[in-house]
Amino acid sequence: MQLVSYRRRDGADSPRVGIADGERIVDLVDAAGSRPGGHPVPGSMLELLRLGDEGLDLARKCLDRARDTGEFSAPASEVRLLAPLPRPNSMRDFMLVEEHVRNSFGSVPAEWYRLPIHWKGNPDTVIGPDDEVPWPHYTDKLDFELEVAAVLGKRAFQVTPEQALDCIVGYTIFNDWSARDIQFREMEVQLGPALGKDFATTLGPTLTTADSIDISTARMSARVNGETWSEGTLGAMVFSFAEVISTLSVDQPLQPGDVFGGGTIGRGCGLEMDRWIAPGDVVELEVTGIGVLRNTVGQKRLAPGYGIDLVRTTA
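Numbered by the working numbering, the letters in the sequence shown go through residues 26 to 340 in order.
Structure representation (structure tokens):
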């Protein structure tokens with residue numbers, strides 16, 4: 026099952042939650058009608074995920090009802106998909122694929138094999154399919170990253186890896202756009218990345234439930250202006266999603282709507298190939314079973330004339 030957030034093309038309503046069914050989008054609220062006990066039907070993806078298994082059961086019943094009646098859905102061409110979670114509860118991005126680490130840094134630090142290394146993203150700068158990606162004024166080397174992310178559908182606190190796996194509701198494509206030049210400047214101070222990452226992360230186009238995809242074998246590719254730059258699979262990870270979620274949950278509660286990027290696959294970004302995107306480029310990331318996440322790169326923004334001059338390279 027593929028869960029989506031969307032708006033109608035006329036833009037007359039607020040974001041809605043639905044289920045992708047081939048060339049149609051089933052509307053959850055319309056198909057549900059009501060919930061037992063008079064409880065409101067979830068109006069957003071985050072509200073749906075907070076219901077846990079009940080929420081998934083509701084979505085499946087709505088899909089069945091729409092198929093049985095031929096009602097409660099609209100052609101996909103008449104809606105605009107948003108990020109499945111327009112505002113995640115939180116975002117973390119891990120580096121779990123060895124080839125990407127080796128290609129990016131030349132060697133793999135010993136601690137990488139021992140710790141689930143990650144950074145925390147900005148849930149307020151999530152953008153969706155077909156949105157324009159902002160090009161920050163302070164970077165000359167904007168980059169994409171081809172990743173899959175796991176999304177929690179249950180609270181996880183002090184859970185085993187087996188229990189953590191049951192907390193994953195599904196997977197989506199995760200593209201943490203990266204300002205490479207300022208990212209590496211930040212990391213010279215052994216903090217970050219922050220300015221190098223926090224301006225934009227793309228999620229989508231669907232949240233495919235865990236029972237509908239094998240993320241270890243799903244084919245992944247990245248295209249720029251129609252040309253294939255990267256192909257592969259997530260393959261072997263130093264730690265599984267279940268292991269990192271279990272590890273984090275030992276001392277901190279994790280919540281439905283938390284997003285965990287698994288890290289870029291080998292040769293899954295321009296940095297690894299020394300190939301760089303430009304303003305106006307169309308970047309398409311595709312994962313079999315999830316869909317195609319397409320974005321156009323915006324023009325480089327002008328420096329604002331206030332705040333700290335981030336472009337300067339001398340003290």
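Quick reminder that beta carbons are idealized off the backbone N, C-alpha and C, glycines included.
Please read these numbers as outputs of a predicted model, since none were measured by experiment.
Based on Cα-Cα distance, which residue from the options lies nearest to residue i?
| i | options | result |
| --- | --- | --- |
| leucine 28 | Gly314, Gly287 and Ala204 | Gly314 |
| arginine 248 | Glu309, Glu157 and Pro61 | Glu309 |
| alanine 235 | Arg326, Lys179 and Asp118 | Lys179 |
| tryptophan 301 | Leu83, Asn250 and Ala45 | Asn250 |
| valine 151 | Val284, Gly316, Pro278 and Glu48 | Val284 |
| glycine 288 | Phe266, Pro329 and Trp254 | Phe266 |
| aspartate 89 | Asp52, Leu73, Glu136 and Ile142 | Asp52 |
| valine 133 | Pro141, Pro304, Glu123 and Phe264 | Glu123 |
| aspartate 78 | Arg139, Leu177, Ile142 and Glu311 | Leu177 |
| tyrosine 138 | Leu216, Phe264, Ser274 and His64 | Phe264 |
| glycine 6 | Ile207, Arg34, Gly316 and Tyr163 | Nothing about residue 6 can be read from this structure; the chain reaches only from 26 to 340. |
| phenylalanine 2 | Thr164, Ile44 and Ala45 | This structure cannot speak to residue 2, because the chain is shown only from 26 to 340. |
| glycine 330 | Arg205, Asp276, His162 and Asp299 | His162 |
| threonine 227 | Gly286, Glu268 and Pro186 | Gly286 |
| glutamate 211 | His125, Pro148 and Arg337 | Arg337 |
| aspartate 201 | Ser98, Thr185, Gln183 and Gly146 | Gly146 |
| tryptophan 144 | Gln215, Glu96, Val158 and Ala135 | Gln215 |
| glutamine 277 | Glu187, Asn320 and Gln183 | Gln183 |
| isoleucine 207 | Gly62, Trp160, Ala45 and Glu256 | Trp160 |
| lysine 325 | Val158, Thr185, Lys86 and Glu96 | Val158 |
| valine 126 | Pro65, Thr94, Asp306 and Met298 | Met298 |
Which same chain residues end up closer than 7 Å to residue i when comparing Cβ atoms and leaving out the 5 residues on each side of it in sequence?
| i | result |
| --- | --- |
| leucine 107 | Ser30, Tyr31, Arg32, Pro40 and Gly153 |
| glycine 229 | Leu106, Ala108, Pro109, Gly153, Pro154, Thr197, Ile198 and Leu318 |
| alanine 181 | Ala189, Cys192, Ile270, Ser274 and Leu279 |
| leucine 74 | Gly80, Gly178, Val194, Pro281 and Gly282 |
| methionine 262 | Leu121, Val122 and Gly287 |
Which first and last residues belong to the beta strand (DSSP E) in which residue i is found?
| i | result |
| --- | --- |
| serine 255 | 252–258 |
| lysine 325 | 316–325 |
| valine 54 | Taken as a continuous stretch (DSSP letters only), valine 54 belongs to no beta strand (DSSP E), being part of the alpha helix (DSSP H) at 53–57. |
| glutamine 27 | 27–33 |
| methionine 120 | From DSSP, methionine 120 is part of no beta strand (DSSP E); its letter is neither H nor E. |
| leucine 177 | 172–177 |
| histidine 143 | 143–145 |
| glycine 217 | Looking at the DSSP string, glycine 217 is not in any beta strand (DSSP E), and its letter there is neither H nor E. |
| arginine 337 | Element bounds for arginine 337: n/a, residue is neither H nor E. |
| threonine 227 | 226–234 |
| aspartate 239 | Neither: aspartate 239 is in no beta strand (DSSP E) and is coded neither H nor E. |
| arginine 105 | 104–106 |
| glutamate 157 | 157–160 |
Can you tell me where the alpha helix (DSSP H) with residue i in it begins and where it stops?
| i | result |
| --- | --- |
| phenylalanine 209 | 205–212 |
| phenylalanine 130 | 123–130 |
| alanine 267 | 266–274 |
| lysine 86 | 78–94 |
| leucine 74 | 70–74 |
| proline 113 | Note, proline 113: premise wrong, no alpha helix (DSSP H); not H, not E. |
| glycine 330 | It is not in any alpha helix (DSSP H) - glycine 330 carries neither H nor E in the DSSP assignment. |
| glutamate 48 | It is not in any alpha helix (DSSP H) - glutamate 48 carries neither H nor E in the DSSP assignment. |
| methionine 298 | 295–298 |
| leucine 190 | 186–192 |
Could you check if residue i is buried or exposed, using at least 16 other CB atoms within 10 Å of its CB as the buried criterion?
| i | result |
| --- | --- |
| proline 100 | exposed |
| glutamate 252 | exposed |
| alanine 225 | buried |
| glutamate 311 | buried |
| proline 304 | exposed |
| isoleucine 50 | buried |
| isoleucine 333 | exposed |
| alanine 328 | exposed |
| leucine 140 | exposed |
| arginine 292 | buried |
| serine 102 | exposed |
| proline 67 | buried |
| glycine 43 | buried |
| alanine 135 | exposed |
| phenylalanine 97 | buried |
Ignore the nearest five residues each way along the sequence and tell me which others in residue i's own chain have a CB closer than 8 Å to its CB.
| i | result |
| --- | --- |
| serine 203 | Leu167, Asp168, Phe169, Glu170, Pro218, Gly221, Lys222, Cys294 and Leu296 |
| threonine 258 | Ser241, Thr242, Ala243, Arg244, Met245 and Ile290 |
| leucine 232 | Gln27, Leu28, Val29, Met70, Pro109, Leu110, Val176, Val194, Gly195, Tyr196 and Thr197 |
Which residues in the same chain as residue i place their Cβ atom closer than 6 Å to its Cβ, once the five residues preceding and following it in sequence are excluded?
| i | result |
| --- | --- |
| isoleucine 142 | Met120 |
| arginine 205 | Lys166, Asp168 and Leu296 |
On the three-pair Cβ rule with 8 Å, is the segment 234–253 touching the segment 158–174? The segment 234–253 vs the segment 158–174: in contact.
I'd like to know if the segment 50–62 and the segment 115–123 are in contact, where contact means that at least 3 CB-CB pairs between them fall below 8 Å. Judged by Cβ distances under 8 Å, the segment 50–62 makes no contact with the segment 115–123, as fewer than three pairs qualify.
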